[in-house]
Amino acid sequence: MKSKMLTVLFMFFTMYSGFSQDFQGKATYESKTQVNMDFGNRQIPEDRKKEIMERMKKANEKTYELVFNAKESLYEEDEKLEQPGGNSGRGRGFRAMGSAGGDLYKNIEDGRYLIKNELFGKIFLIEDDLEKLDWKLESDTKQIGKYTAYKAVAVKTVKRPNMQALFRRRNTDGKDGEGTKEKKVEEFIEKEVEIVAWYTPEIPINQGPADYWGLPGLILAVSDDVTTIVCSKITLNPKEKIEIKAPKKGKKVTQAEYDEISREKMKEMRENFRGGRGGGRGGARF
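In mature numbering (1 follows the signal peptide of the UniProt record, and there is no 0), the protein residues as written are -20 to -1, 1 to 266.
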């Protein structure tokens, strides 16, 4: 296994040295996120629950494009045409803390990232240091498209919105559905999850989709406990030169500041649902 990893690293540095500094590319990724909805004690018909779950599933199946060079990348959602009577979904409602819900710019050389994110109609520009995962290179390989991909794993601490907290509704007597005093429910759940990535040294840059990076080759697929992202198309050195622009618009905040704002808005949404307003005109305000 050790000799195989040394071979992979040798391939990376050999191919990297052969790539010109103006090397560019773009990759298309398909992202799917599982949704585990807890409706708490809300009296919702089963067919309505099924409809909600189906809509949530479709809303969490997205297509992204990553444009990259040896130093920078920009990860953007491919916006789909809005269906009649529906919402396109991008930039609306709540986004999980730390998520790449908006345009995500990564500068590997500087070790920084920028995310333009919309939260309840307000644009934020999040700027912070790139998280450096402790990747463990493994010997497993598989074919993704025409590329040979190698496996790598890492452990990452994530914060997820607690859907139980959002949909839990208190009775007018201040008690939950079982007639007991309501227990405190955290808006977010923090836990450690295993990240599994598949990268190819045949494209010797340490970029990847979402906020993933740092492997000896472009990351073609990556998954955690709820989300799977897989590359479906790659174009290297396209005829039309790619211009990678970092997002600039929005209120500048750090990731920690944005997380705190998200936490407060999640709490406000929960109170709106409890009050029966459903996040409408009485929804979150800045």
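Idealized CB from N, CA, C, for every residue including glycine.
Given the structure is predicted, the values throughout are model-derived calculations rather than measurements.
| Asked | Found |
| --- | --- |
| Please say whether Thr13 and Glu49 have beta carbons closer to each other than 7 Å? | A small fix is needed here, since residue 49 is Asn in this sequence, not Glu. No. |
| Mind checking whether residue 268 and Tyr238 have CB atoms under 7 Å apart? | Outside the shown range of the chain, which is -20 to 266, sits residue 268, and nothing can be said about it. |
| May I have the straight-line CA-CA distance separating Pro184 from Pro196, to the nearest angstrom? | 6 Å |
| Mind checking which residues open and close the beta strand (DSSP E) that includes Phe3? | Segment: none, Phe3 is in no beta strand (DSSP E) and carries neither H nor E. |
| Return the Cβ separation of Glu45 and Lys6 in integer angstroms, given the expectation that the two are a contact with Cβ distance under 8 Å. | 6 Å |
| Just confirm the distance between the C-beta atoms of Ser242 and Glu10, as a whole number of angstroms; I'd bet it's less than 8 Å. | Incorrect: roughly 26 Å between the Cβ atoms, too far for contact. |
| Put Asp27 into one of helix, strand or coil per three-state DSSP. | helix |
| Can you tell me which of Thr180, Gly188, Phe100, Ile222 puts its alpha carbon nearest to the alpha carbon of Leu113? | Gly188 |
| Can you check which of these residues, Ala129, Lys96, Ile24, is closest to Lys229 by C-alpha distance? | Lys96 |
| Is the CB-CB distance between Ala201 and Ile175 below 7 Å? | no |
| Looking at Tyr85: is its Cβ nearer than 7 Å to the Cβ of Ala226? | yes |
| Expressed to the nearest angstrom, what Euclidean distance is found between the alpha-carbon atoms of Val206 and Lys221? | 35 Å |
| Write down the C-beta distance between Ala132 and Ala177 rounded to the nearest angstrom, noting that I regard them as a contact closer than 8 Å. | 5 Å |
| Can you check which of these residues, Lys139, Leu110, Gly91, Ile24, is closest to Met246 by C-alpha distance? | Lys139 |
| Which residues bound the beta strand (DSSP E) around Val210? | 207 to 216 |
| Take Asp83 and list the residues in its own chain whose beta-carbon comes closer than 6 Å to its own, dropping the five residues that flank it on each side. | Glu56, Lys96, Pro227 |
| Who are the near neighbours of Trp193 in its chain, counting only those whose CB is closer than 7 Å to its CB and skipping five residues on each side? | Lys86, Ile88, Leu110, Asn186, Gln187 |
| For Ala80, does the count of other Cβ atoms within 10 angstroms reach 16, so buried, or fall short, so exposed? | Residue placement at Ala80 is poorly supported in this model, since its pLDDT is 41, which falls under 50; the coordinates are not used for a value here. |
| Excluding sequence positions up to five away, which residues of its chain have a Cβ less than 8 Å from the Cβ of Thr180? | Ile124, Tyr127, Thr128, Ala129, Tyr130, Gly197, Leu198, Leu200 |
| With respect to the beta strand (DSSP E) encompassing residue 269, which residues constitute its N-terminal and C-terminal limits? | Outside the displayed span of the chain (-20 to 266) sits residue 269, for which this structure offers no information. |
| To the nearest angstrom, how far is the alpha carbon of Phe168 from that of Thr208? | 21 Å |
| Name, in chain order, the residues that DSSP records as bridge partners for Thr137. | Glu172 |
| Return the bridge partner residues of Tyr44 from the DSSP annotation. | Tyr9, Glu57 |
| Pick out whichever of Lys231, Gln235, Gly101, Lys30 has its Cα sitting closest to the Cα of Val15. | Lys30 |
| Who are the Cβ neighbours of Asp120 in its own chain at under 8 Å, not counting the five residues just before and after it? | Tyr130, Lys131 |
| Taking Asp108 and Gln4 to be in contact with their CB atoms under 8 Å, please state how far apart those CB atoms are, rounded to whole angstroms. | Asp108 to Gln4, Cβ: 25 Å. No contact. |
| Taking its Cβ as the centre, do 16 or more other Cβ atoms sit within 10 Å of Asp90, making it buried, or is it exposed? | exposed |
| Which word fits Glu52, buried or exposed, when buried means at least 16 other C-beta atoms lie within 10 angstroms of its C-beta? | buried |
| In this structure, how does DSSP classify Glu34 when only helix, strand and coil are distinguished? | helix |
| Quick one, which of Phe100, Lys219, Lys116, Lys232 has its alpha-carbon nearest Glu244's? | Phe100 |
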